[in-house]
Structure formats: C-alpha cells, structure tokens
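Novice: Chains as they are written, first to last, in our numbering: chain Z, 1 to 388; chain L, 389 to 644.
Below are the structure tokens for one structure; questions will follow.
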Amino acid sequence: MKNLSQISNPFNDDKVIANCGLFGMMSLEKNTFSGSDIIKAIANMRVRGNGLGGGFAAYGIYPDYADLYAFHIMFQSRSAKEQTESFLEGSFKIVAKEEVPHRYAIGVSDPPLVWRYFVETPKGVSDEYADDYVVEKVMIINTKIDDSFVFSSGKDMGVFKGVGHPEDIGNYFCLEDYSAYIWVSHSRFPTNTQAWWGGAHPFSILDWTVVHNGEISSYGTNRNFLEMRGYYCTMHTDTEVMAYAVDLLIRRHRLPVDIAAKIMAAPLWTEIDQIDDEEEKQQLTVLRQVYSGLLINGPFTVIIAHQGEMIGLGDRVRLRPLVAGIKDDMLYLSSEEAPMKLIRPDLEYTWIPKGGEPIIGKLDTKEVIYQNKPVQVGVNKDAVNIAA
Amino acid sequence: MERVKFSDNGSAEINADGLFYKDMNKLLRDIVIAHNLEKVRLTNVYGQRYIGTNIDRPIKIEIEGTPGNDLGAFMNGPTIEVFGNAQDGCGNTMNAGEIIIHGNAGDILGISARGGEIYVKGNVGYRVGIHIKEYKEKKPVLVIGGTAQDFLGEYMAGGILILLGLNLKENEKHKATFIGTGMHNGIMFISGSLDKQQLGKEVGQIDLNDEDTRVLEKYIGKFAKYFGYNAKELLNREFVKLVPTSLRPYGKLYAY
C-alpha cells in the first residue's frame, strides 16, 4: 500500500476539523441547468471556506454516455496516468477518454492532471455484480497506484474538485458549460491537514457523493468497520467514510434512506427509552447495535446525492447548520439561507430541519420527504406558520 | 449603480447588492458618523455578517433581504429591523439596543447576550438564548412569537426568554426538548403546551407572580405593537414559568 501520510497529513493523526459551506440544488422534474447558479450561491458563502478546497458534483451531465461508468481521475504524475490507463484497459472496455476541460483561473495553482474515462464492465461481469466490480477497481487504483486518485466513478455524473475557493474551481473546470439536474457544492476550511486536490469535497464512490461540514470524531471506528467490508480510506479526511457508509448501507444492504439516517445520526438512548411502540423501540435498538460502527459521532451536516436523490442530514443535536428551501420543482439545501435567496429571490418557503431528520428530494415521486412525509409547499405562506 | 442615497430627513439607503460584508459595514459606519444619520435602510442584503456591530449610537437600521450570521453581534445601541429571516448567531453578545425580525431566526439567537431586546415574529432554531446573562440593570430579553427547536435557554445565566407558540395548532405541543438544560439564572415564560420530559434536569416550574405579569405586559406589549397583534389577547394566554432549581447545577460535579 502506498504511503499517503506525506501528501495528505504530515502529522498522521487521522484528525480533521472543518467548518465549511455546503450548497445543493435539485430539480424534481429533472430539468437541467448550468453550474452558474451554484457557483454564485457557494461564492456567497465565501467566508465559510478559506480557499483550501472547493468542489462540485453534477448529475445528468453525460447523456451521450449515460449507460457507462464515468471515471474522473486525478494524476499527480505522468507515470500515474500511464499505469492507471493500462490498469483500466485490463479491467474495462474504455469507450471514450479525454482530459477534463479546464481553463486558466485566478486562484487555482499547480493543478494536477484530471482525466475522464467512459468505461464498460467486461462481458463476464453480470449486471448485478457490476457496481461491486467498479468499487473493487476504484479501491485498487486508490491504494495501489501511486499519485492516482479517483474523484468519481458513477454513471452520468461527475465530481470536479481542487484546491482553491469553489467559485475559482468552478471557473477552472468551466462548469457553466455543463447541464445537470442535481448540483452539489462545497467550500472547505481545513484546519488540521494540509490541503490537497484529492482532499477537497465531494467524496464519491460510484454515483454517491458526500459534502460535509463538521468533524467526524468517530472516524477511526467508522474506518475500521468499513475496511472489514472492502472499503479503504485513502484520502485521509474524515468525510470519506460517509461516502462509503452510504454505499454500504443503501446500495449493498438495500436499506431505505431514512433507516440509514437513523444509523448514522442515531436517536439518543434516552429518546429510545421514551418510545411507546415496542416494535419501533426494538428496531432502533437493533440498528444501534448492529451498525454501531457506522454511528457518526461529532458535529456534522452532510448533503448526500446519487442519481435521482439528494439528501440533507445533520447530527442529532444540530451542531452544524442546514437550511432547506423549496420553490416550484426545485429543492435547495444550504449552510445558510442567504445564497438560496440570492439565486432564487422569489423563494418563500424555507425551514430549519430538525437534527437527525433527513430531507430527501426524490426524482421518482417528484417529492421532498421530511419527517417521513411529503412537504406541502404553499400551504403555509405566512412566515409565522412555516413549520419548524 | 448608486450605492448610497441620502434623504433630507437624516436618513440614507445603501444598496448592498454584491458588497462584501467588511466593505458594507465600513460604508455603513462611515456614513452614519460623517452625516450623523438617524436611520439607514439596507437593501439587497444577502448574507453580509456582523451588521450593526461597532456602531455605538441609537440609530435605526432597516434590512431588506437575509442578513448574515452574527447580526448585531456586540451591538451597543442601534435598533435593527429585519424584513425577512435572520440566520444563525443573531444578537451574539449584544449589550444594548433592539433587534426586530419579521420572519424566522436561526440557531443560537441571542447567544451570550448581556443586554438589549430581540423580538422574532416567527420560529427560531436550536439553542436559542444560550448563556444569556444579567447584571444589575443589564437584562437581555428575547420574545419569540412562534416555536423553538431543542436546547432553548441552554446554560441560561440571566435575562428573560418569552416563547409564545402562536403558530401551534390547538392541542399541538412545542417540539423542543432539553429546554433549559444547565440553566442557572433568569426566567423563561412559555405559552403553549409542553410535557415535563421536554424540560432539562436543571429547571423547575413555578407560578407567576405580580412582577411576572408586569414583565409580560411590558415585553409582550412591545411584541404586539411591532408585529400587529392585540396585546390583550396575547396576555390572556396561559404561561408556564420556568426557573432553575439551583444557581450552581454543576457545583458538586467535580467537587470530589
């Protein structure tokens, strides 16, 4: 295994504290729009970051290759690119490849090479096993090939990230040229580790992406739990465990999002004790016992996305901010309300979600689910009546 | 674009569109001092922080839009009126003045305030009134028209917190839990139903006295005036009075 400590964390103490800015926007009608608005929104929260990391995830951007796995890969050397390409050729059928388009941008220096590859799994790999096959190959690139890191590996989506303010990174990767129906962005404020391109958010596996504000103090426990299940943490930043946790819980263990939320932001034992319904009590107890290794401890707010869904979730006692807003077909999630209003001045319906309660934007039903029921927009228009 | 428009009556308007918070706050302070203004209206405010900080005089600041975090932080004198929602940390360590919010406010409203008054028409977030404190005549007051989220009045060390619950439906309870956890001074008045298990371990419920009625008349009267309610109707509601059961709830925790 390659030594990551020198590039990502010279103190090698596995510890990161972050105080960041998050923004996500999704069209429940799958209308696509450019990256200009989200760049404007995340730039509005410039003071939440410090220019040492910015990134974006975009869904629905590769309609011509929608059935192929799109790998976004960062190389810190030419030889890393050669080794990775020969590995990809041996593992997949590469249908198309190119350097990810970029331009000179103020505030972005020493960028690594970032390429994208549209690949098919080999004939012998069944459809059912294809996702697991891709995860396995991503782990090999991340852990075995020096100077090569996979930004994202899902279908019809991609992650663009690097060191700089997010608006500068968005400009660098020409994100106004892409059309997506979900955009998620992150502005980073790393305090315990050196900033590097792979350490910027979003973190991703397959089409799952996670952006995070906070500090996961259970990182060591979570990492051990995930390593026993085939996920290797190579980015040395706490958020990475969240990406693998949602892949394990939702894709592999097929748990619904609200159950996954109850595992990561578990109800307090005192609350479980107060539940009258014996079945619910037992269910929550079992979840806390079976998945104790995926309880995310410490302050956090995350925006999790994959094809067809965008999810906002905060820790149980809300130690990091999250605001939600809805207008027409759009769901907005943000660390602050102001950027939502900046790009959508007619936005009236905003609320502060309860800690541990996910907000789920769902493409299949075109609904936003909060506290297990659809949010009805327009019912309560007066500010006083917007339910907390 | 004209940034600043002056009127003859000692007031001015600043178009804050696209202004970085430092530049906007400097502009605000500079024109208030240079022109001895009594009132400034800020328009197109989107997330600019620390508005009202460092202006030690009783001017009126009106805000259109969504002011950023720490609105009125360390504020000493001005009255701020927000025609919209406030974000987190509003009234942080405020000393004197008033903040009137016609929409909702976010988390830790009034954190560590040591004076001044805050009125919110709508709902508020987590940990509202955390560690507000009082000394002699300095006594911060928070009046909230809607409901609050968890840890209301956490570690409260003085002052008055009034929660009206006006948007609760009939028989609907406040949802906040851990109310008054770690509270060791000050008073909370809550209207709208609550279960005992929603309260923190450090608070107890007692009956209202005549002095309490006078306090409620004064501050709920102002709340009604600001947001167009009938004060009498509001005062007819039932209130629960919460006070700490101990002035030193953790005094014995580390003693031995």
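For every residue, glycine included, the Cβ atom is placed at its ideal position computed from N, Cα and C.
Determine the chain L residues that contact Z:Ala341 at a beta-carbon separation under 9 Å, and present them in chain order.
Specialist: Looking up residue 341 of chain Z in the first sequence gives position 341. Checking the displayed sequence, the identity of residue 341 of chain Z turns out to be Lys instead of Ala. Counting only Cβ-Cβ distances below 9 Å, Z:Lys341 has contacts in chain L at Tyr434, Gly435, Gly453, Thr454, Gly472, Asn473, in chain order.
Novice: With 16 other CB atoms within 10 Å as the buried threshold, where does L:Gln585 fall?
Specialist: One-based indexing of the second sequence puts residue 585 of chain L at position 197. So L:Gln585 counts as exposed.
Novice: Taking DSSP as the reference, what is the three-state secondary structure of Z:Trp351?
Specialist: Position 351 of the first sequence, counted from the first residue, corresponds to residue 351 of chain Z. In the structure shown, Z:Trp351 sits in a strand (DSSP, three-state: E or B).
Novice: Where L:Ile449 and L:Val420 are concerned, what is the direct C-alpha to C-alpha distance, given to the nearest angstrom?
Specialist: Position 61 of the second sequence holds residue 449 of chain L. Position 32 of the second sequence holds residue 420 of chain L. Cα-Cα distance, rounded: 10 Å.
Novice: Give, in chain order, every residue of the segment 584-601 of chain L whose Cβ lies closer than 7 Å to some Cβ of chain Z.
Specialist: Gln585
Novice: Ignore the nearest five residues each way along the sequence and tell me which others in L:Lys509's own chain have a CB closer than 7 Å to its CB.
Specialist: Mapped onto the second sequence, residue 509 of chain L falls at position 121. Excluding positions up to five away in sequence, the list reads Ile489, His490, Gly491, Gly533, Phe615.
Novice: Check whether the segment 356-370 of chain Z touches the segment 449-459 of chain L, counting contact only when three or more Cβ pairs, one atom from each stretch, lie closer than 8 Å.
Specialist: no
Novice: For Z:Ser153, which three-state DSSP category applies?
Specialist: As a working mapping, residue 153 of chain Z is identified with position 153 in the first sequence. It is coil, neither helix nor strand.
Novice: Among residues of its own chain, excluding the 5 on either side of Z:Lys93, which ones have a beta-carbon nearer than 6 Å to its beta-carbon?
Specialist: As a first step, residue 93 of chain Z must be located in the first sequence, where it is residue number 93. Cβ within range, chain order: Glu120.
Novice: What alpha helix (DSSP H) runs, 4 residues minimum, are completely inside the segment 585-634 of chain L?
Specialist: 598-615, 619-623
Novice: Which residues in the same chain as L:His562 place their Cβ atom closer than 8 Å to its Cβ, once the five residues preceding and following it in sequence are excluded?
Specialist: On the second sequence, position 174 is the one that residue 562 of chain L refers to. Taken in chain order, the residues that qualify are Thr535, Ala536, Leu551, Gly553, Leu556, Ile578, Gly580, Ser581, Leu582, Gln586.
Novice: At a cut of 8 Å, does the segment 61-76 of chain Z reach the segment 209-219 of chain Z through at least three beta carbon pairs?
Specialist: no
Novice: Given this structure, state the Cα-to-Cα distance separating Z:Ser334 from Z:Val241, to the nearest angstrom.
Specialist: Your numbering for residue 334 of chain Z matches position 334 in the first sequence. Your numbering for residue 241 of chain Z matches position 241 in the first sequence. When rounded, the distance between both Cα atoms is 21 Å.
Novice: Who are the Cβ neighbours of L:Ala404 in its own chain at under 8 Å, not counting the five residues just before and after it?
Specialist: The sequence position of residue 404 of chain L within the second sequence is 16, counting from 1. So the qualifying residues of the chain are Met412, Leu430, Thr431, Asn432, Val433, Tyr434, Gln436, Gly453.
Novice: Between the segment 491-522 of chain L and chain Z, which residues of the former have CB atoms less than 7 Å from a CB of the latter, in chain order?
Specialist: Gly491, Asn492, Gly494, Asp495, Lys509, Gly510, Asn511, Gly513, Tyr514
Novice: Skipping 5 residues on each side, what residues in its chain have a beta carbon closer than 6 Å to that of L:Asp444?
Specialist: Here residue 444 of chain L refers to the residue found at position 56 of the second sequence. Excluding positions up to five away in sequence, the list reads Asn464, Gly465.
Novice: Could you tell me which of L:Asn511, L:Met576, L:Gly406, L:Gly513 sits nearest to L:Lys521, measuring between CA atoms?
Specialist: The residue given as residue 521 of chain L occupies position 133 in the second sequence. Closest option to L:Lys521, Cα to Cα, is L:Met576.
Novice: Within the segment 477-555 of chain L, note down every full beta strand (DSSP E) run reaching 3 residues or more, in order along the chain.
Specialist: 484-489, 505-508, 529-532, 545-551
Novice: DSSP state of Z:Glu367, grouped into three classes?
Specialist: Position 367 of the first sequence, counted from the first residue, corresponds to residue 367 of chain Z. Note: Z:Glu367 maps to strand in three-state DSSP.
Novice: Report the option in Z:Asp127, Z:Ala80, Z:Phe118, Z:Phe173 whose CA atom is closest to the CA atom of Z:Gly154.
Specialist: Here residue 154 of chain Z refers to the residue found at position 154 when the first sequence is read from its first residue. Among Z:Asp127, Z:Ala80, Z:Phe118, Z:Phe173, the Cα nearest to that of Z:Gly154 belongs to Z:Phe118.
Novice: Which bits of chain L does Z:Val163 rub up against, with CB to CB less than 8 Å?
Specialist: The residue given as residue 163 of chain Z occupies position 163 in the first sequence. Those within 8 Å of Z:Val163 in chain L number zero; the least Cβ separation is about 22 Å.
Novice: Any heavy atom of the ligand COA closer than 7 Å to the CB of L:Arg437?
Specialist: Among the components of this structure there are no ligands whatsoever, and the ligand COA is therefore not found.
Novice: Quick check on Z:Leu28: does DSSP put it in helix, strand or coil?
Specialist: Residue mapping note: residue 28 of chain Z aligns to position 28 of the first sequence, counting from 1. If DSSP states are grouped into helix, strand and coil, Z:Leu28 belongs with coil.
Novice: What number of angstroms, rounded off, separates the C-alpha of Z:Arg344 from the C-alpha of Z:Ile259?
Specialist: Taking the first sequence and counting its residues from 1, one reaches residue 344 of chain Z at position 344. Taking the first sequence and counting its residues from 1, one reaches residue 259 of chain Z at position 259. About 32 Å.
Novice: Using three-state DSSP, classify L:Glu426 as helix, strand or coil.
Specialist: In the second sequence, the residue the question calls residue 426 of chain L occupies position 38. Three-state result, L:Glu426: coil.
Novice: Taking only beta-carbon positions, decide if Z:Ala338 is within less than 8 Å of chain L.
Specialist: Taking the first sequence and counting its residues from 1, one reaches residue 338 of chain Z at position 338. Answer yes: the Cβ-Cβ gap between Z:Ala338 and chain L drops below 8 Å somewhere.
Novice: Is it buried or exposed, L:Met389, if we count other Cβ atoms within 10 angstroms and call 16 or more buried?
Specialist: Looking up residue 389 of chain L in the second sequence gives position 1. Exposed is the call here.
Novice: What are the complete beta strand (DSSP E) segments, minimum 3 residues, inside the segment 255-331 of chain Z?
Specialist: 300-306, 309-314, 323-327
Novice: Could you tell me the boundaries of the alpha helix (DSSP H) in which Z:Thr143 lies?
Specialist: In the first sequence, counting from the first residue as 1, residue 143 of chain Z sits at position 143. Start and end: 127-144.
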